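Undergrad:
Chains as they are written, first to last, in my numbering: chain F, 64 to 301; chain S, 5 to 313.
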């Protein structure tokens with residue numbers, strides 16, 4: 064698994080397109096939100112943190128993971144890896160480990176910068192738990208999306224619904240809260256995780272209530288992984 | 005299927021050790037309504053070079069993929085080293101697979117690709133030695149995306165034979181290779197076989213199979229049309245004599261089929277006697293047999309016979 068991850072890391076740093084998608088775009092978007100926060104002091108800091116985290120995770124992890132998996136399948140690299148002694152789970156883990164680690168580091172940097180320029184989170188551990196749950200959910204959604212993605216170019220289309228949907232939900236939930244349409248907002252992908260980040264950053268909500276919000280996010284993980292096991296393909300269509 | 009006459013219980017005259025490396029029993033592979041492989045059974049013994057040949061769409065790739073463990077059988081059993089070939093941890097460290105198409109990451113270099121796939125195979129070898137074997141030492145630091153088609157095939161071969169596996173699958177190994185590279189590849193295969201490796205080969209170059217295979221499974225429309233040694237496959241068809249004659253030549257001493265271009269084809273099961281008769285006839289009548297060619301049946305002829313059936 065680590066050998067595959069090492070190979071992937073080399074490829075990420077050799078592919079400018081992936082590098083730009085992964086590093087520059089989330090960083091630029093994050094800088095823009097921080098600029099907005101400076102200009103509009105009334106902007107809810109927890110909501111900004113939630114949106115920033117989702118920006119990095121969707122653009123840095125989700126899109127890159129779908130593109131990577133489609134590309135490796137298209138050039139038969141997945142089949143090549145399956146010709147070795149490594150099982151499928153380790154192959155996928157090896158392929159996704161570098162992009163996941165980079166994303167977690169990015170989220171960490173962005174949130175630390177936000178803490179420094181504004182205020183730190185009220186509950187650091189809960190922020191971490193929300194980030195991890197979101198990352199796992201987006202990996203599951205990436206695997207499922209990769210199942211219907213034929214090529215890296217096709218990924219530009221197939222990733223859009225989840226990318227736009229999750230970003231919209233995180234902004235909607237983050238900035239408007241969940242007092243209205245509570246159930247709908249929490250059940251939408253990213254909704255409960257956004258609320259969790261807002262609670263973790265702003266504080267003032269009992270821990271038990273916040274932890275309950277992990278359940279819908281983990282339910283989305285189950286849904287995504289179930290979908291992925293049904294539709295993920297290791298070889299291009301004949 | 006025609007299972008050719010032989011002296012052994014399983015259709016092979018060579019030394020068959022007790023436990024075959026590959027055992028395929030009543031294999032069926034279906035894609036929806038399409039029946040790609042139909043009730044196929046064969047064994048491959050340790051140290052054998054077994055060639056799986058066939059017409060286009062005969063089911064070779066589906067069979068090979070089922071034996072390699074890339075595709076589940078719809079029904080029937082496939083055992084490699086006595087195990088299910090999809091048991092990667094058990095089977096793959098003993099197996100090298102050269103795929104029909106490249107399957108390398110374009111942004112990795114040649115050395116990185118061999119090292120990666122080698123490590124994942126759980127065998128040990130020297131990357132530099134292997135690159136020397138396939139004449140890619142000068143390309144070690146080159147990205148795969150910058151290799152020619154032939155160089156990619158050699159890279160593929162290098163990863164398949166990394167650590168000298170006990171069983172090697174070679175799927176169209178010499179396609180796109182120049183003659184020197186082909187010779188080098190077959191030399192490497194010969195060395196592997198001297199060390200006891202078993203080889204399963206598919207190729208469109210029939211002369212390679214004819215020269216090197218211990219046994220051949222000849223597929224047509226999803227099942228074996230024939231299986232046996234080269235001599236077993238070819239001896240069921242007559243040898244041929246081809247020549248051209250001047251239009252004024254007297255009647256021939258044996259049945260010959262005009263080919264329409266002034267040439268004749270004689271099919272014979274007694275090549276030496278019929279050729280002698282033909283040469284004597286030409287000598288006696290002062291006739292010139294132009295472009296005379298005579299030879300035993302080749303695999304090409306067996307293939308053509310399948311197509312005409």
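Backbone N, C-alpha and C fix where the C-beta goes; we use that ideal spot for every residue, glycine too.
Predicted model only: the values in this text are computed from it and were never measured.
#1: Assign residue 18 of chain S to one of two classes, buried (16 or more other C-beta atoms within 10 Å of its C-beta) or exposed (fewer than that).
#2: Can you grab the Cα-Cα spacing for the pair residue 8 of chain S / residue 280 of chain S, in whole Å?
#3: Round the Cβ separation of residue 263 of chain F and residue 206 of chain F to the nearest angstrom and send it over; I've been treating them as touching at under 8 Å.
#4: Identify whether residue 245 of chain S lies in helix, strand or coil by the three-state DSSP scheme.
#5: Using C-beta distances below 6 Å, list every residue in its chain close to residue 130 of chain F, excluding the 5 sequence neighbours before and after it, in chain order.
#6: Using only the alpha-carbon positions, how far apart do residue 242 of chain F and residue 289 of chain F sit?
#7: Near residue 248 of chain F, which residues of its chain fall below 6 Å by C-beta distance, leaving aside the five closest residues on each side in sequence?
#8: Please report whether the beta-carbon of residue 162 of chain F lies at a distance below 8 Å from any beta-carbon of chain S.
#9: Between which two residues does the beta strand (DSSP E) carrying residue 32 of chain S extend?
#10: Just checking my contact of residue 220 of chain S with residue 55 of chain S at CB under 8 Å: how many whole Å lie between their CB atoms?
#11: Determine the DSSP secondary structure at residue 223 of chain S, reduced to helix, strand or coil.
#12: I need the DSSP call for residue 102 of chain S, collapsed to helix, strand or coil.
#13: Nearer than 7 Å: is that true of the beta carbon of residue 207 of chain F relative to any heavy atom of the ligand MN?
#14: Would you tell me roughly how many angstroms separate the C-alpha atoms of residue 99 of chain F and residue 106 of chain F, rounded to the nearest one?
#15: Does the structure place the region 153 to 169 of chain F close enough to the region 183 to 200 of chain F that three or more beta carbon pairs sit under 8 Å?
#16: Use the C-beta contact count for residue 300 of chain F: other C-beta atoms within 10 angstroms, 16 or more gives buried, fewer gives exposed.
#17: So, residue 100 of chain S versus residue 89 of chain S, is the Cβ gap smaller than 8 Å?
#18: Mind pulling the chain S residues with CB within less than 9 Å of residue 137 of chain F?
#19: If the cut is a Cβ gap below 9 Å, which residues of chain F does residue 50 of chain S touch?
#20: Looking at residue 209 of chain F and residue 112 of chain F, is the spacing between their C-beta atoms short of 8 Å?
#21: Count Cβ pairs between the region 120 to 129 of chain F and the region 272 to 283 of chain F that sit closer than 8 Å; are there 3 or more?
#22: What are the residues in the region 101 to 120 of chain S lying within 7 Å of chain F by C-beta distance?
#23: Is the region 134 to 146 of chain F touching the region 106 to 125 of chain S, taking contact as three or more C-beta pairs under 8 Å?
#24: From residue 203 of chain F to residue 192 of chain S, what does the alpha carbon distance come to, in whole angstroms?
#25: 8 Å is my cut-off, CB to CB: does residue 80 of chain F come that close to chain S?
#26: Does DSSP classify residue 252 of chain S as helix, strand or coil?
#27: Rounded to the nearest angstrom, what separates residue 5 of chain S and residue 30 of chain S at their Cα positions?
#28: Can you list the residues of chain F that residue 97 of chain S reaches, using a CB-CB cut of under 8 Å?
#29: Since residue 83 of chain S sits in a beta bridge, which residues does DSSP pair it with?
#30: Can the beta-carbon of residue 68 of chain S be found less than 8 Å from the beta-carbon of residue 175 of chain S?
#31: Is the Cβ-Cβ distance between residue 53 of chain S and residue 203 of chain S less than 8 Å?
#32: Figure out for me which residue from S:26, S:258, S:51 has the closest Cα to the Cα of residue 86 of chain S.
#33: Could you say which of S:287, S:122, S:222, S:93 lies nearest to residue 254 of chain S if we only look at CA atoms?
#34: Which residues in the same chain as residue 12 of chain S place their Cβ atom closer than 6 Å to its Cβ, once the five residues preceding and following it in sequence are excluded?
#35: Report all residues from its chain with a CB closer than 6 Å to the CB of residue 14 of chain S; omit the five preceding and five following residues, and keep chain order.
#36: Looking at the structure shown, is residue 236 of chain F part of a helix, part of a strand, or coil, going by DSSP?
TA: Well, looking at it:
#1: Bear in mind that the predicted position of residue 18 of chain S carries a pLDDT of just 46, short of 50, making it too unreliable to give a figure here.
#2: With a pLDDT of 41 at residue 8 of chain S, under the threshold of 50, the modelled position of this residue cannot be trusted, and the question is left open.
#3: Going by Cβ atoms, the distance from residue 263 of chain F to residue 206 of chain F rounds to 27 Å, so no, they are not a contact pair.
#4: strand
#5: 215, 218
#6: 31 Å
#7: 236, 241, 254
#8: no
#9: 26 to 35
#10: 5 Å
#11: strand
#12: strand
#13: Within the structure as shown, the ligand MN is missing, as the structure has no ligands at all.
#14: 8 Å
#15: yes
#16: exposed
#17: no
#18: Under the 9 Å cutoff, chain S gives no residues; its nearest Cβ is about 10 Å from residue 137 of chain F.
#19: Within chain F, no residue comes near residue 50 of chain S; the closest Cβ sits about 20 Å away, beyond 9 Å.
#20: no
#21: no
#22: 101, 103, 105, 106, 107, 108, 109, 110, 111, 112, 116, 120
#23: yes
#24: 44 Å
#25: no
#26: coil
#27: Here residue 5 of chain S scores only 48 on pLDDT, less than 50, and its place in the model is too uncertain to base an answer on.
#28: 148
#29: S:27
#30: yes
#31: yes
#32: S:26
#33: S:287
#34: With a pLDDT of only 34 at residue 12 of chain S, under the threshold of 50, the placement of this residue in the model should not be trusted; the figure read from the coordinates follows. So no residue of the chain qualifies.
#35: Note on residue 14 of chain S: pLDDT 38, under 50, position unreliable in the model; the coordinate value appears next. Taken in chain order, the residues that qualify are 47.
#36: helix
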